[in-house]
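**Student:** Next up is a structure, given as structure tokens.
Numbering (this note's numbering), first residue to last: 1099 to 1308.
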């Protein structure tokens, strides 16, 4: 049984290395087909869904890493990473950013600065997707023409916990922490912990957190 277990561990190790190379190769093709401005030192664990409109922009900095799918993200959402950029919108991802199986849907502008970590099943939206007027929502075209958008900014070193929802118009301050499952609809200052639905202030962060 021990030999069988060792053989299985060896198989998993080889498969993991092959899968990582395969995922990176396929991701590079998807980046190229969508006109993504990226650096080659990214790490791909899983296959993302990338959809950038012809007049949209997706820029990714150095040392980008993502985990997604059932083999690479085991914290409760075995789905791809979605990076969706609509017509005329901009999604900017800085250096050394890590994202798990999240969905980022950009219709205006979303910027994620350096050293940000985004947990599994996080969603980030810079629009309401639909008009807030019930009458306009009855007509498909009027509904889409009256969608409100506001930019989202996540500053350096912030950490977004799993299953959080970041809504339009929000700025999350430098080194701030958003608790798991939080719904963020207003700005979070730097060096603070916020959690809950709606997200509320929990505490200030010391310079060193143990």
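The beta-carbon is built from N, C-alpha and C at its ideal position, and this holds for glycine as well.
Using beta-carbon positions only, say whether residue 1290 and residue 1282 come within less than 9 Å of one another.
**Tutor:** no
**Student:** By a C-beta neighbour count over all protein chains shown, 10 Å radius and 16 as the cutoff for buried, is residue 1308 buried or exposed?
**Tutor:** Interpretation of residue 1308 is limited by its pLDDT of 44, a score under 50 that renders its predicted location unreliable; no figure is taken from the coordinates.
**Student:** Buried or exposed: residue 1127, going by 16 or more other Cβ atoms within 10 Å of its Cβ?
**Tutor:** exposed
**Student:** Which residue marks the beginning of the alpha helix (DSSP H) containing residue 1233, and which one marks its end?
**Tutor:** Under the DSSP assignment, residue 1233 falls in the alpha helix (DSSP H) whose first and last residues are 1232–1235.
**Student:** Identify the continuous alpha helix (DSSP H) that holds residue 1242 and give its terminal residues.
**Tutor:** 1238–1243
**Student:** Can you tell me whether residue 1162 is helix, strand or coil according to DSSP?
**Tutor:** Of the three classes helix, strand and coil, the one that applies to residue 1162 here is coil, per DSSP.
**Student:** Could you tell me the boundaries of the beta strand (DSSP E) in which residue 1169 lies?
**Tutor:** Where residue 1169 is concerned, there is no enclosing beta strand (DSSP E), given that its DSSP letter is neither H nor E.
**Student:** Alpha carbon to alpha carbon, how far is residue 1292 from residue 1228?
**Tutor:** 27 Å
**Student:** State buried or exposed for residue 1270, treating a residue as buried only when at least 16 other CB atoms are found within 10 Å of its CB.
**Tutor:** Result: buried.
**Student:** Give every residue of the same chain whose Cβ lies closer than 6 Å to the Cβ of residue 1214, excluding the five residues on either side of it in the sequence, and list them in chain order.
**Tutor:** Correct list, in chain order: 1195, 1252, 1256.
**Student:** If you draw a straight line from the C-alpha of residue 1119 to the C-alpha of residue 1141, how long is it?
**Tutor:** 9 Å
**Student:** Could you give the distance in angstroms between the alpha-carbon of residue 1234 and the alpha-carbon of residue 1242?
**Tutor:** 9 Å
**Student:** Over what stretch of residues does the beta strand (DSSP E) that includes residue 1300 continue unbroken?
**Tutor:** 1298–1302
**Student:** Residue 1137: beta carbon under 8 Å from a heavy atom of the ligand GDP?
**Tutor:** Of ligands this structure carries none, so the ligand GDP is not represented either.
**Student:** Could you spell out where the beta strand (DSSP E) holding residue 1182 opens and where it closes?
**Tutor:** 1180–1183
**Student:** I'd like to check one pair, residue 1264 with residue 1245: are the Cβ atoms closer than 9 Å?
**Tutor:** The answer is no: Cβ separation not under 9 Å.
**Student:** Under three-state DSSP, which class holds residue 1135?
**Tutor:** Residue 1135 falls in the strand class under three-state DSSP.
**Student:** DSSP beta-bridge partners for residue 1289?
**Tutor:** Looking at the DSSP assignment, residue 1289 forms no beta bridge with any residue, so it has no partner.
**Student:** Where does residue 1142 fall in DSSP's three states?
**Tutor:** strand
**Student:** Does the Cβ of residue 1216 have 16 or more other Cβ atoms within 10 Å, making it buried, or fewer, making it exposed?
**Tutor:** buried
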